[in-house]
Each structure stands twice: as structure tokens, then as C-alpha cells.
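A.B. asks:
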Amino acid sequence: MKNFINKIIFIALLSMVTVWGQKSTHAVHIELEGTVDKSMVAYAQRAIKHALEQKPDHIIFEINSFGGELNAAYDIVDAITELKIPTTALVRQKAISAGSLIALACNKLYMLPSTTIGDCAPIIQGSDGPNIVGEKIQSPLRAKFRNLAQRNGYPELLSESMVSPELEILELRRGDSVIIEKSAVFDAMPPEEQALWTKKILVHAGELLTMTDIEAVELGFSQATVESLEQLQQKLEIKSIAKIETTWSEKLAGFLAAISPLLMMLAFGAIYMEFQTPGFGIFGITGVVLLAIVFGGQYVSGLADKLPLVLLLLGAILIFVEILILPGTWISGLSGLAVIIIALIMVLKESTVAWKLPAWTGLDISALNYALFLVFGSAITALTIPFFFSKYVLTKLPPGFSPMHQSALEGLSPVVSETLNVQVGDVGVAVSVLRPGGKVQIGNLVVEAESPYKMLTPGVQVKVIEVEANHIKVVEVKDND
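Each residue of the sequence shown is one higher than the one before, counting from 6 in our numbering.
What follows is the structure in C-alpha cells.
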């Protein structure tokens, strides 16, 4: 009886040991692809939250990125390092700049064939193109890489050399001993001690460490090169993998962010054309809709705060006041445009460095430069659109078609033969704002005319100075004329 009880206890203990010794059985796969920005942060945080709801044994982050905003990368790194379960990074194609920082936040690194990782020098856009920022920014970033290397067992000095091109890193060998050291440390050794070591330059001064999948294995970053996610699953002894999919709103937010410069350019062009035509028509509607799309893209995933939206609404109201209530003053319209530009700069700011202006501004230097370039570059480009549009498009529109709203055309004479009755020197009166186009009454005819030199308000006496087909130009009649 005693032997039977001992066998039962032995079998129970053996089964418990077997259960405790089992490998990870379930993992969650999260794909981080594209520019590292606020939309990726929103997706990563949501994906990690949903992953933890499944109580996985492991999370695999598949990374394919050229980098992007450094502050966004920090947020993703923090979300990964806070996890209490094993994490693995799988590099597909590339993990460059901020992408490499995210990859090293994971406990283990694997790479697909012909992939690259590294080159995380913080840059800022200058007048002569992108430039690597100074030590003030490099130092905390090197510390971040060093912290991740210590945490996850990656080579510390080589990790730092992804950030600062001034570092020259050596591999020193003496017998079976191999160490990695800065060249400055080796140069400070006494000559007799230097003679004991065989040195090999791993990273030359003036270069940033960027590795292929093979080099990453040789230098101690990557565990191995795998052919696919399935092969990685076998290596990690994972039985099942569930993938967190990107939601439609996250995809839409990424797409709208990518085309926002084009949308802004078209919006500025449409608004400019609206100011050049009487009434409120298709150009004004187009400009408002495009600006709404630019801002809406930032809010699809809840990526922007409320202040830019308030400024956008205020700017739109001021422009509507200019067009519908106080036409011709320009004060309301220009103020509204200025407010919209400020809102655009705030909502579209991007950053590749962590250098901040005073906290009350809420901006950083690279963000300001980028946003100013984007907004004003779009505006300047858009100013060239009306010239080509009016010269090559409007002249080829079908008869009877106009880009203006129909209400803006009421009372205008569409008949060319009638317009030809107007002669140079005829005097009339403006019946709408001419900015520069509008309506004037000459005799019994109400026709469309243009004031090429200044804006004219209703009731001003005008004189015809040029008639070409149905195109009439007028000027204000002075008292002494």
C-alpha cells in the first residue's frame, strides 16, 4: 500500500514538472510598418492593450520602418519595455533610425534575409538639407540606446555608435579574449600594452553603424536570420500566433497624413481663387472641404489636441465673415487665414529630435521648421495654380459652365453679343464687390467686370477701360475725372 501511494505521488509530481517546463504556447504578432509618428504610437498602444487581453506568453513586433519622429519612438519604446512578458523584434526589410531604437527595446532580435538595422543619428532640417544635431541631443539618445543594450544584452558601445558618427569602435583580441572598446581608450593605453592586442575597426569615425542581417548576428545583436515568421515561431517554440490588425481608422489616418501637403496646396489655391471671384462658389467650398480633410485626418485616431481644431473653426468663421458680411475689408479674411495657418502649423508639426522650446509653446525646433516649410511651401506653390488654371482650364470649359455658385451669377449677362454693346469710356456703377471680379451696371445691362487695380465696393462709379470679347475691365471714376 505504501509503495502504491509513493507511485501516485511520483506521477503527480512528474506531471507538475512537465507543465511547469512547457515553453511559450501562444504569442501575439504586432506589425509596426511605415513612418514612426503619432499614428504609429496610437496603433502600438492599442495593439499592446488588445494583445495583453489575450494573456499571451510572448509578443512579436515585426518592424519595417525608415524611422520618423523620435518622440513617437520613445513612446513606443516605453510601451514595450513596460511589458512583463518576453518580447521579440523581427526586422522585415529595414529598421532604420527610430525603427532601430524600437527594435532594440525588445528582449530578442531576429532579422529576415537581406534586411538592415541601425543609423539612428538625430537630424534636423536646415536650409542646406538634413543635418545631424549636436551633442545636446545625441547624449540622451545614446543613453537610451545604452540603457536598452544593458537591459536586453546588446553590445553597448556598438549601440551608441548608431547615434554618434564621431565614435570609432574597435574589436581587440588577445588570445581567447575579445573586447569591444572605443579607439580613444585604446590610444590612451601604453604602447607596450597596445602591442598585446590585435585591433580591428568595427565602426570608422565619421560613420554610423548600420548592419545587414548577417553582420547583426556576427556583432551580437541578432539571434539569427530567419526565413519567415513561421520559422521564427518554430525557433521560439510557439504553438499559436494571433495577429493584431490595423483598424480602418488607423489606415485612413496614415493615408491622409501622407497626402496632407498636397491637400493643403490645393486648399490654399482654391481659397485664393475664391477671393478672386464674386460670391461664394465651388472654390470656397473646395478650400473649406480640403482643410477639413487635413484636420480630420489628424483626429481620425484621436491624434491631435483640441486647440488646433478651435483655431481652425475660428479661422473659418472669420473668412466667412469676410465673404458674406464684411466684404472688401480684408481685415477679417486675412485674420482668418493667419489663424488657420497657425492651426496648421500646430497640427502638422513633426520632429526627429527631442529638443524643446519653452514648455508653454508646446512645440520643438525641428517641428516648427518642418511645419513652417510645409504650410508656407504649400501656400506659395498654390499661388501658381490660379494662373495656369485661369489660362489653360477656364478658357476650355464647356459653354454655360462656371466654377462659381449659380447664385453668384444671377443678374449677370451671359450673352456675348450684349456685352459687346459696352464700349471703352462707358460709365456705370458697381452693384457688387469687385475683388477683382464682380458685377457692374452700365446703362440697362448688368454685366460681369473686373477691377484690375483695386477692390471696389457696391455703389462706386466705374468707367470701362478695356473690352475684349465678353471680358470687361473697369476703374473707379474719381470726382475730377
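In this text, a Cβ means the ideal position worked out from N, Cα and C, and glycines have one as well.
Are Met-116 and Ser-44 close, meaning C-beta to C-beta below 7 angstroms?
C.D. replies: Their beta carbons are not under 7 angstroms apart, which means Met-116 does not touch Ser-44 by this criterion.
A.B. asks: What does a CB cutoff of less than 7 angstroms around Glu-212 pick up in its chain, not counting 5 residues either side in sequence?
C.D. replies: If we look at Glu-212 and ignore the five residues flanking it on each side, its Cβ neighbours are Pro-170.
A.B. asks: What number of angstroms, rounded off, separates the C-alpha of Glu-161 from the C-alpha of Ser-245?
C.D. replies: Their backbone Cα atoms lie some 33 angstroms apart in a straight line.
A.B. asks: Report yes if the C-beta of Phe-191 is less than 6 angstroms from at least one heavy atom of the ligand HEM; otherwise report no.
C.D. replies: In the structure shown, the ligand HEM is absent, as is every other ligand, since no ligand is present at all.
A.B. asks: Would you say His-34 and Lys-248 are within 7 angstroms of each other, going by their C-beta atoms?
C.D. replies: Yes. Within cutoff.
A.B. asks: Report all residues from its chain with a CB closer than 8 angstroms to the CB of Glu-232; omit the five preceding and five following residues, and keep chain order.
C.D. replies: Once the five neighbours on either side are set aside, the close Cβ partners of Glu-232 are Leu-117 and Pro-118.
A.B. asks: Could you pull out every residue in the same chain whose Cβ sits closer than 8 angstroms to the Cβ of Leu-319, ignoring the five residues on either side in sequence?
C.D. replies: Answer for Leu-319: Gly-341 and Val-344, listed in chain order.
A.B. asks: With the cut-off set at 7 angstroms, would you say Gln-143 and Val-168 are in Cβ contact?
C.D. replies: For Gln-143 and Val-168, yes; Cβs fall inside 7 angstroms.
A.B. asks: May I ask you to verify whether the region 136-156 touches the region 91-100, counting CB pairs closer than 8 angstroms and requiring at least 3?
C.D. replies: Touching, no.
A.B. asks: Where does Gly-139 sit, in a helix, a strand or coil, going by DSSP?
C.D. replies: Three-state DSSP puts Gly-139 in coil, outside helix and strand.
A.B. asks: For Val-432 and Glu-473, I'd like the C-alpha separation in whole angstroms.
C.D. replies: Spanning the two alpha carbons is a distance of roughly 17 angstroms.
A.B. asks: So what's His-63 in DSSP terms, helix, strand or just coil?
C.D. replies: The answer is strand: DSSP assigns His-63 an E or B state.
A.B. asks: Just the Cα atoms here: how many angstroms apart are Glu-67 and Trp-202?
C.D. replies: Taking the straight line joining both Cα atoms gives about 40 angstroms.
A.B. asks: By alpha-carbon positions, which one of Phe-150, Asn-76, Pro-61 and Ile-65 ends up nearest to Ser-105?
C.D. replies: Measuring from the Cα of Ser-105, the nearest candidate turns out to be Phe-150.
A.B. asks: I need the straight-line Cα distance from Pro-457 to His-476, nearest angstrom please.
C.D. replies: C-alpha separation (whole angstroms): 12 angstroms.
A.B. asks: Could you have a look at Ala-247 and say whether DSSP puts it in helix, strand or coil?
C.D. replies: Strand.
A.B. asks: Quick check: what's the CA-CA separation for Ser-70 versus Gly-292?
C.D. replies: Whole-angstrom Cα-Cα distance: 33 angstroms.
A.B. asks: Go through its chain and collect everything with a Cβ distance to Leu-316's Cβ below 8 angstroms, but skip five positions before and after it.
C.D. replies: Val-344, Ile-345, Ile-347, Ala-348 and Met-351.
A.B. asks: Taking only three categories from DSSP, how would you classify Ile-35?
C.D. replies: If DSSP states are grouped into helix, strand and coil, Ile-35 belongs with the strands.
A.B. asks: Which residues share a DSSP beta bridge with Gly-442?
C.D. replies: Gly-442 is bridged to Glu-455.
A.B. asks: From the DSSP output, in three-state form, read off Ser-102 for me.
C.D. replies: Residue state, collapsed to three classes: coil.
A.B. asks: In its own chain, which residues sit with a C-beta less than 8 angstroms from the C-beta of Val-429, not counting the 5 before and 5 after it?
C.D. replies: So the qualifying residues of the chain are Val-469, Ile-470, Glu-471 and Val-472.
A.B. asks: Looking at the unbroken alpha helix (DSSP H) that takes in Ser-164, where does it start and where does it end?
C.D. replies: Its alpha helix (DSSP H) spans residues 161-165.
A.B. asks: Suppose the cutoff is 7 angstroms on Cβ atoms and the five residues either side in sequence are ignored; what does the same chain contact list for Gly-72 look like?
C.D. replies: Closer than 7 angstroms at the Cβ level, and outside the excluded window around Gly-72, lie Val-41, Ile-101, Ser-102, Ala-103 and Gly-104.
A.B. asks: How long is the line joining the alpha carbons of Leu-207 and Ile-107, rounded to whole angstroms?
C.D. replies: Taking the straight line from one Cα to the other gives about 23 angstroms.
A.B. asks: By DSSP's criteria, Ser-144 is part of a beta bridge. Which residues make up the other side?
C.D. replies: BP columns for Ser-144 are empty, so no partner.
A.B. asks: Buried or exposed, going by whether 16 or more other CB atoms sit within 10 Å of the CB of Ser-182?
C.D. replies: Exposed.
A.B. asks: Can you tell me where the alpha helix (DSSP H) holding Ile-85 begins and where it ends?
C.D. replies: 75-86 is the span of the alpha helix (DSSP H), which, as asked, contains Ile-85.
A.B. asks: Measure the C-alpha to C-alpha separation of Lys-54 and Pro-91 and round it to an integer number of angstroms.
C.D. replies: Cα-Cα distance, rounded: 15 angstroms.
A.B. asks: Go ahead and label Pro-145 buried or exposed: buried means 16 or more other beta carbons lie within 10 angstroms of its beta carbon, across all protein chains shown.
C.D. replies: Counting Cβ neighbours within 10 Å, Pro-145 comes out exposed, since fewer than 16 surround it.
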